[in-house]
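Per the working numbering, the very first residue in the sequence shown carries number 570; after that it's consecutive. Okay, so here's the structure we're looking at.
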Amino acid sequence: MSTKSQNLDFNFLGALGSCIEQYIKGKLSKTEVIKILDKTLSKEDKKNWNPKSDFKGYELIETFLELKGITQSDLAKETGLSTSKINDLIKGRVRITPNIAKILASVFNVEHTTFL
């Protein structure tokens with residue numbers, strides 16, 4: 570990875586983390602998050618950015634856990650899923666079904682489509 574793309578990644582991921590935190594707290598809507606993230610990218614970088622394909626739902630679960638201050642075990646208890654299932658979801662070893670997305674969405678207070 571080049572230095573330029575590393576800087577983009579760090580800057581963008583910092584903005585993403587901040588937006589997710591505000592989104593979870595209900596201070597930003599999904600549309601506002603997209604607008605903020607869009608502003609963090611240069612014109613050149615925007616050509617290559619597709620939020621739907623660049624960030625998978627399973628990659629966000631760990632971020633949501635951190636922001637909510639809970640562990641995988643806590644999430645398992647709240648969702649009724651096993652801890653190993655939660656870990657498999659976070660690692661991307663199993664896909665997030667619409668049903669699981671709805672369960673996660675209710676715990677993290679986001680739209681279920683966030684994880685799909």
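Beta carbons: idealized from backbone N, C-alpha and C, even for Gly.
To which residues of the same chain is residue i closer than 6 Å at the C-beta, ignoring the five residues directly before and after it?
{"i": "Leu650", "result": "none"}
{"i": "Tyr592", "result": "Val602"}
Where do the ends of the alpha helix (DSSP H) carrying residue i lie?
{"i": "Phe677", "result": "667–677"}
{"i": "Thr652", "result": "652–660"}
{"i": "Val602", "result": "599–608"}
{"i": "Leu634", "result": "626–637"}
{"i": "Lys646", "result": "641–648"}
Can you check which of these residues, the options, is closest to residue i by C-alpha distance?
{"i": "Leu585", "options": "Thr632, Lys596, Ile659", "result": "Thr632"}
{"i": "Gly638", "options": "Tyr627, Lys608, Lys594", "result": "Lys594"}
{"i": "Ile669", "options": "Gly661, Lys604, Thr648, Val679", "result": "Thr648"}
{"i": "Leu658", "options": "Glu680, Val679, Leu685", "result": "Leu685"}
{"i": "Pro667", "options": "Thr682, Phe677, Gly661, Asn678", "result": "Thr682"}
Residues in its own chain within less than 8 Å of residue i by CB, not counting five upstream and five downstream?
{"i": "Ile589", "result": "Val602, Leu629, Thr632, Phe633, Leu636"}
{"i": "Ala645", "result": "Ser651, Thr652, Lys654, Ile655"}
Spatial neighbours of residue i within its chain, please: CB distance less than 7 Å, with the 5 preceding and 5 following residues excluded, ordered by chain position.
{"i": "Leu582", "result": "none"}
{"i": "Asn656", "result": "Gln641"}
{"i": "Tyr627", "result": "Leu658, Ile659, Gly661, Ile665"}
{"i": "Leu597", "result": "Cys588, Gln591"}
{"i": "Phe677", "result": "Ile593, Phe633, Lys637"}
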